[in-house]
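Worksheet for the structure shown next.
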Amino acid sequence: MTNTPGRPFPSRIAGAFARARAQGRKTLVLYLTGCDPDFDTSRRLLLAAAQAGADVLELGVPWSDPSADGPAIQAAMRRALAAGGGMAKALDLCRTVRAANPEIPVVLFGYANPIFVRGTAKFAAQAKQAGADGVLCVDWPPDEDPELAQTLAQHALDLVPLIAPTSTPERVKAIAAVAGGFLYYVSLTGITGSQLPNLDETSARVRQVRELSGGRLPVAVGFGIATPADARAVAGFADGVVVGSAAVRVIERAVAAGRDPVPALEAFVSDLRAAMG
Amino acid sequence: MSIVPQSHGRFGPYGGRYVSETLMPALEELADAWEHFSFDPTFRAELDRLLREYVGRPTPLTEAARLAEHVAKTQGRRLRVFLKREDLCHTGSHKLNNCVGQILLAQRLGKQRIIAETGAGQHGVATATVAALFGLPCEIYMGAVDVERQSLNVFRMHLLGAKVHPVKDGTATLKDAMNEAMRDWVTNVGTTHYVLGTVAGPHPYPTMVGELQSVIGREARAQIQAATGRLPDACLACVGGGSNAMGLFRGFIDDPGVRLYGVEAAGEGIDTKHHAATLGKGRPGVLHGARSYVLCDDDGQIDEAHSISAGLDYPGVGPEHSYLRDSGRAQYLSATDQEALAACRLLARCEGIIPALESAHAVAGLPRVAEQLSDGASVIINISGRGDKDMGTIAKHFGAEVSS
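Chains as they are written, first to last, in the numbering used here: chain A, 51 to 327; chain B, 23 to 426.
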């Protein structure tokens, strides 16, 4: 197991990947939009997902202009914003989840403007204080502007980066050098919730990303993984599997039918977990 | 050497590339291509030919004597007022200057499909026009609200063979159209060129669009020197994303004696929630791929902008304008919906020129600029587009007066 540089102890995220590996299984990373459909249900959903077998939680920070997200997560963000969600509430949510579950790694997943407007230093301090372990900022490439990566490192938070099918070898190396926790490989050139592409290519790219990053961090694959069968297929070659839009749709359907979404999400996560072996 | 510090697409602290990783390599490729071709003599020659023979450049600089007389009567200030006539470009606005340049670049990059966002529809029409000229399939993203208020431009785009996607997300205006265009581009980045229409967005767009629009300022500089024997005292242009303003400013930015004024849309008033005065009332943030001023709340959620003119109805602004604002090189005023409507009528009746509602904001800024000038001063106002597209909106506001 590898530590994030400059960190005396492995992070919760590194710990989760190491534990899964020791148990001979792959890591399940689950994305949910914070405050979808409301603060309290969202808190119960996050805790239930961890209980049902998610190894890492990505807590989506709602934003008004999610230009990298597909229809499912756009709709989730609209619902969350209507319920008063946003960065401030996402940090509160993280704090309540941490209080109830001291073990589960939490990555705050969002866009640059809410971080920028707060100020990176204030944001990092608040995220750390709320019990977050890492940050994934979709539209803040770490090589373009090192401020976020540097500030997160000062607060012992992992910067989880996206790596895309279009990323050049030079970019993969530069991004991996400042990353912590895991590398998030985007399976397709597109938005969240798109159709999963041919996995032979994805598998070859994951191998290449491991080589280019010197195997320092585990590689999780996301975008387009919708079913337990998809998760099983991707678990065949990646260290971790990220499921987002499909989980958000499970919640959307239950809420639309007037049901509590928690049992439906629990069942979905258990199915993913079981399929991944 | 310009007074604006530029390096890697940064204008001081503003600009940059804040996009998802998938787009970074495409933006690097585009920046390299632009750097190469913008100095390539064959490319320049082809661009100049298109600007001359297709766009209809140079556009005239028209002296507006009766408008100047109006200022003299109402404010006691004797100015010489000149209008840079981008309304006389093919398709009716300055937008085509940028589109011809970008389509030539797309062609050299081997892209087979063109997409664009549009607010008022002027940029959508200009993009659909060059796509038709070059025989490339074209898809335009336009907010559903704007599709409604600019239906004439939607029909023009259809006639030109483009597909128009109404965007119902968010506020269903320009910013949402940009989000949807970015989603398309991230999905089809290998085959598609995104013709961004203003000096906003990630590097290299602000630099590239600014350079392509700088033809406005170069021409205006030569024309006013021919007309008055000297440089103007002030330049005035409307600012939404800011491309027509940047195009004019580029001609004079290194001449400290030329005052530069941008006019933002104050909508129902900058102290209401219904305006688009990003530089006047916003704060530094990150939107659509660049650091720049944005209208947003303390949580970082982007505010809904409002303006009677769809082309100015945008809660962001180009990063170079943010730099010029902070440095004080340019000053940014604002004009309300009502002031823009009045200015539109004033220019129509004084000069026989019906400006686009966007450009009418620039005209509406003239009284405040006049206050800061002395007798004998000369001013260039950029008439970025013609008003035909706005007849429906204007008729609604002036009601019976227009229909009678």
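Virtual Cβ for every residue (Gly too), placed ideally from N, Cα, C.
From a predicted model like this one, the values you see are computed outputs, not experimental measurements.
- Item | Exposure label - residue 248 of chain A; buried when at least 16 CB within 10 Å | In the first sequence, the residue the question calls residue 248 of chain A occupies position 198. By the Cβ neighbour-count rule, residue 248 of chain A is exposed, with fewer than 16 other Cβ atoms within 10 Å of its own.
- Quick one: which residues of the segment 46–60 of chain B get their C-beta closer than 9 Å to a C-beta of chain A? List them in chain order. For chain A, the residues of the segment 46–60 of chain B that bring a beta carbon within less than 9 Å of one of its beta carbons are 46, 47, 48, 50, in chain order.
- Any idea what DSSP makes of residue 70 of chain A, helix, strand or coil? Counting from 1 along the first sequence, the entry for residue 70 of chain A is found at position 20. DSSP places residue 70 of chain A in helix when its eight states are reduced to three.
- Query: Is residue 139 of chain B helix, strand or coil by DSSP?
  - Reply: Numbered from its first residue, the second sequence carries residue 139 of chain B at position 117. In this structure, DSSP gives residue 139 of chain B an extended state, which the three-state scheme calls strand.
- Query: Residues in its own chain within less than 8 Å of residue 56 of chain A by CB, not counting five upstream and five downstream?
  - Reply: Here residue 56 of chain A is taken as the residue at index 6 of the first sequence, counted from 1. Confidence in residue 56 of chain A is poor, its pLDDT being 45 and thus under 50, which makes the residue's placement too unreliable to answer from.
- Query: Near residue 162 of chain A, which residues of its chain fall below 7 Å by C-beta distance, leaving aside the five closest residues on each side in sequence?
  - Reply: Residue numbering aside, residue 162 of chain A sits at position 112 when the first sequence is read from its first letter. If we look at residue 162 of chain A and ignore the five residues flanking it on each side, its Cβ neighbours are 187, 189, 190.
- Query: For residue 360 of chain B, which of helix, strand or coil comes out of DSSP?
  - Reply: As a working mapping, residue 360 of chain B is identified with position 338 in the second sequence. Here residue 360 of chain B sits in helix by DSSP.
- Message: Given 8 Å as the limit, tell me if residue 275 of chain B has its C-beta closer than that to any heavy atom belonging to the ligand NAD.
- Response: Here there are no bound small molecules, and the ligand NAD is not part of this structure.
- Query: Given a limit of 9 Å on CB to CB distance, which residues of the segment 207–223 of chain A reach chain B?
  - Reply: Flagged, chain order: 211, 212, 213, 214, 215, 216, 217, 218, 221.
- Task: Show which residues of chain B have a CB atom less than 7 Å away from the CB atom of residue 117 of chain A.
- Result: Taking the first sequence and counting its residues from 1, one reaches residue 117 of chain A at position 67. For residue 117 of chain A, the neighbours in chain B by C-beta distance under 7 Å run, in chain order, 201, 204, 205.
- Would you mind stating whether residue 343 of chain B and residue 352 of chain B have Cβ atoms separated by less than 9 Å? Translated into the one-based positions of the second sequence, residue 343 of chain B becomes position 321. Translated into the one-based positions of the second sequence, residue 352 of chain B becomes position 330. Yes, the pair counts as a contact, with Cβ atoms nearer than the cut-off.
- Query: Mind pulling the chain B residues with CB within less than 7 Å of residue 241 of chain A?
  - Reply: Mapped onto the first sequence, residue 241 of chain A falls at position 191. Those within 7 Å of residue 241 of chain A in chain B are 205, 208, 209.
- How big is the Cα-Cα spacing for residue 301 of chain B and residue 268 of chain B? Against the second sequence, residue 301 of chain B aligns to sequence position 279. Against the second sequence, residue 268 of chain B aligns to sequence position 246. Rounded to the nearest whole angstrom, the C-alpha separation of residue 301 of chain B and residue 268 of chain B is 14 Å.
- Pick from A:86, A:103, A:98 that is closest to residue 66 of chain A, judged by C-alpha positions: Walking along the first sequence from the start, residue 66 of chain A turns up at place 16. Comparing alpha-carbon positions, the option among A:86, A:103, A:98 lying closest to residue 66 of chain A turns out to be A:103.
- Task: Evaluate the contact criterion for the segment 393–413 of chain B versus the segment 362–380 of chain B: three or more CB pairs, one atom per stretch, below 8 Å.
- Result: These segments touch.
- Message: At the level of alpha carbons, what is the spacing between residue 209 of chain B and residue 95 of chain A?
- Response: By one-based count along the second sequence, residue 209 of chain B stands at place 187. By one-based count along the first sequence, residue 95 of chain A stands at place 45. Roughly 30 Å between the two C-alpha positions.
- Item | Partners in chain B for residue 247 of chain A, counting only beta-carbon separations shorter than 7 Å | Working through the first sequence from its first residue, we reach residue 247 of chain A at position 197. Near residue 247 of chain A there are no residues of chain B at all, since even the closest Cβ is about 12 Å away, more than 7 Å.
- Item | Spatial neighbours of residue 142 of chain B in its chain, beta-carbon cut-off 6 Å, leaving aside the 5 residues before and after | Here residue 142 of chain B refers to the residue found at position 120 when the second sequence is read from its first residue. Taken in chain order, the residues that qualify are 172, 332, 333.
- Item | residue 159 of chain A, DSSP secondary structure in three states | Residue numbering aside, residue 159 of chain A sits at position 109 when the first sequence is read from its first letter. In this structure, residue 159 of chain A counts as strand in the three-state DSSP scheme.
- Any beta strand (DSSP E) of 3 or more consecutive residues that is wholly inside the segment 136–182 of chain B: Contiguous beta strand (DSSP E) elements confined to the segment 136–182 of chain B occur at 160–165, taking only those with 3 or more residues.
- Message: Could you compute how far the alpha carbon of residue 284 of chain A sits from the alpha carbon of residue 78 of chain A?
- Response: The residue you call residue 284 of chain A lines up with position 234 of the first sequence. The residue you call residue 78 of chain A lines up with position 28 of the first sequence. Those two C-alpha atoms are separated by around 11 Å.
- Nearest-angstrom Cα distance between residue 291 of chain A and residue 281 of chain A? Taking the first sequence and counting its residues from 1, the one referred to as residue 291 of chain A is at position 241. Taking the first sequence and counting its residues from 1, the one referred to as residue 281 of chain A is at position 231. In this model, residue 291 of chain A and residue 281 of chain A are separated by some 6 Å (Cα to Cα).
- Query: Around the C-beta of residue 134 of chain B, are 16 or more other C-beta atoms found within 10 angstroms, so that it is buried, or is it exposed?
  - Reply: Counting from 1 along the second sequence, the entry for residue 134 of chain B is found at position 112. A residue is called buried once 16 or more other Cβ atoms fall within 10 Å of its Cβ, and residue 134 of chain B, having fewer, is exposed.
- Query: Helix, strand or coil for residue 317 of chain B per DSSP?
  - Reply: Position 295 of the second sequence, counted from the start, is the residue given in the question as residue 317 of chain B. Of the three classes helix, strand and coil, the one that applies to residue 317 of chain B here is coil, per DSSP.
- Three CB pairs or more closer than 8 Å across the segment 241–251 of chain B and the segment 150–159 of chain B: Flag = no, the segment 241–251 of chain B and the segment 150–159 of chain B do not touch.
- Query: To which residues of the same chain is residue 82 of chain B closer than 7 Å at the C-beta, ignoring the five residues directly before and after it?
  - Reply: Your numbering for residue 82 of chain B matches position 60 in the second sequence. If we look at residue 82 of chain B and ignore the five residues flanking it on each side, its Cβ neighbours are 107, 110.
- Any beta-carbon of chain B closer than 9 Å to the one on residue 327 of chain A? Here residue 327 of chain A refers to the residue found at position 277 when the first sequence is read from its first residue. So, not an interface residue.
- Opposite residue 293 of chain B in the DSSP bridges: which residues? Here residue 293 of chain B corresponds to residue number 271 of the second sequence, with the count starting at 1. DSSP lists no partner for residue 293 of chain B.
- To which residues of the same chain is residue 375 of chain B closer than 6 Å at the C-beta, ignoring the five residues directly before and after it? The residue given as residue 375 of chain B occupies position 353 in the second sequence. Taken in chain order, the residues that qualify are 369.
- Query: Looking at C-beta atoms only, is the number of pairs between the segment 193–204 of chain B and the segment 122–141 of chain B that lie closer than 8 Å three or more?
  - Reply: With a cut-off of 8 Å on Cβ pairs, the segment 193–204 of chain B is in contact with the segment 122–141 of chain B, counting three or more such pairs.
- Message: So, under 8 Å CB-CB, residue 168 of chain A and residue 193 of chain A are touching, yes? Tell me the CB distance rounded to an integer number of Å.
- Response: Residue mapping note: residue 168 of chain A aligns to position 118 of the first sequence, counting from 1. Residue mapping note: residue 193 of chain A aligns to position 143 of the first sequence, counting from 1. At roughly 22 Å, the Cβ-Cβ gap does not stay under 8 Å, so residue 168 of chain A and residue 193 of chain A are not in contact.
- Task: Please name the residue, chosen from A:137, A:160, A:231, A:216, that lies closest to residue 183 of chain A on a Cα-to-Cα basis.
- Result: Translated into positions along the first sequence, residue 183 of chain A becomes position 133. For residue 183 of chain A, the nearest C-alpha among the options comes from A:231.
- Leaving out five residues on either side along the sequence, give the residues of the same chain with a beta carbon under 6 Å from the beta carbon of residue 49 of chain B. To locate residue 49 of chain B, count along the second sequence from 1; it is residue 27. Spatial neighbours of residue 49 of chain B in its own chain (CB-CB distance under 6 Å, excluding positions within 5 residues in sequence) are listed in chain order as 39, 224.
- Task: Evaluate residue 180 of chain B with the Cβ neighbour count: other Cβ atoms within 10 Å of its Cβ, from every protein chain shown; 16 or more gives buried, anything less gives exposed.
- Result: Here residue 180 of chain B is taken as the residue at index 158 of the second sequence, counted from 1. Under this definition residue 180 of chain B is an exposed residue.
- Query: Quick one: what's got a C-beta closer than 6 Å to residue 79 of chain B's C-beta in the same chain, skipping five residues either side?
  - Reply: Against the second sequence, residue 79 of chain B aligns to sequence position 57. In its chain, beyond the 5 residues on either side, 73 have a beta carbon closer than 6 Å to the beta carbon of residue 79 of chain B.
- Item | Given residue 113 of chain A as reference, the closest of B:228, B:254, B:320 once Cα atoms are compared | In the first sequence, residue 113 of chain A corresponds to position 63, counting from 1. Per the Cα distances, B:320.
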